[in-house]
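Student: One structure coming up, written as structure tokens, with questions to follow.
Residue numbers (the numbering used here): 85 to 214.
Structural data, given as structure tokens:
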């Protein structure tokens with residue numbers, strides 16, 4: 085699953101790291117959390133990080149217990165910042181994903197070797213600087 089998502093993020097211009105044991109920059113911080121994949125890209129005047137969680141067997145209690153809310157990102161001076169949160173699940177497992185999670189995260193449904201569907205129920209302002 086991680087390879088499918090990594091390939092997709094790279095096609096969107098992200099540089100990716102798999103399960104970084106610590107934040108790769110002083111401008112990104114978290115505590116008691118490690119994303120499955122971390123992506124970074126700069127588009128025009130916006131710096132964006134992508135936090136990716138790959139859940140083969142989605143369990144919302146376990147997912148909510150992850151400390152992803154501890155993530156802090158400071159873009160460089162004169163840049164806008166954005167945090168993109170992506171939950172990847174295999175086809176057939178979408179019904180295990182809580183609708184409240186879909187309001188905060190993009191949900192990618194993965195098929196064999198590709199992203200089959202992208203669901204983004206977040207409000208238009210979601211993903212801006214936190």
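Even for Gly, the Cβ is constructed at its ideal location relative to N, Cα and C.
Note that the structure is a prediction, hence the values are computed from the model and not measured.
Would you call the CB atoms of residue 152 and residue 125 closer than 9 Å?
Tutor: No.
Student: Using a Cβ-Cβ cutoff of less than 6 Å, which residues in the same chain neighbour residue 96 once the five nearest sequence positions on both sides are dropped?
Tutor: Nothing listed; no residue qualifies.
Student: Can you give the Cα-Cα distance for residue 184 and residue 173, rounded to whole angstroms?
Tutor: Residue 184 and residue 173: Cα-Cα distance of roughly 16 Å.
Student: Residue 187: buried (16+ other C-beta within 10 angstroms of its C-beta) or exposed?
Tutor: Exposed, because fewer than 16 other Cβ atoms sit within 10 Å of the Cβ of residue 187.
Student: Can you list, in chain order, the stretches of the beta strand (DSSP E) that have 3 or more residues and sit fully within the stretch 124-183?
Tutor: Whole beta strand (DSSP E) segments, 3+ residues: 130-138 and 164-174.
Student: Do residue 171 and residue 181 come within 9 Å of each other at the CB atom, strictly closer than that value?
Tutor: Yes, the pair counts as a contact, with Cβ atoms nearer than the cut-off.
Student: Along the beta strand (DSSP E) that carries residue 202, what are the first and last residues, could you check?
Tutor: From DSSP, the beta strand (DSSP E) with residue 202 extends over 198-204.
Student: Who pairs with residue 89 in a beta bridge, going by DSSP?
Tutor: BP columns for residue 89 are empty, so no partner.
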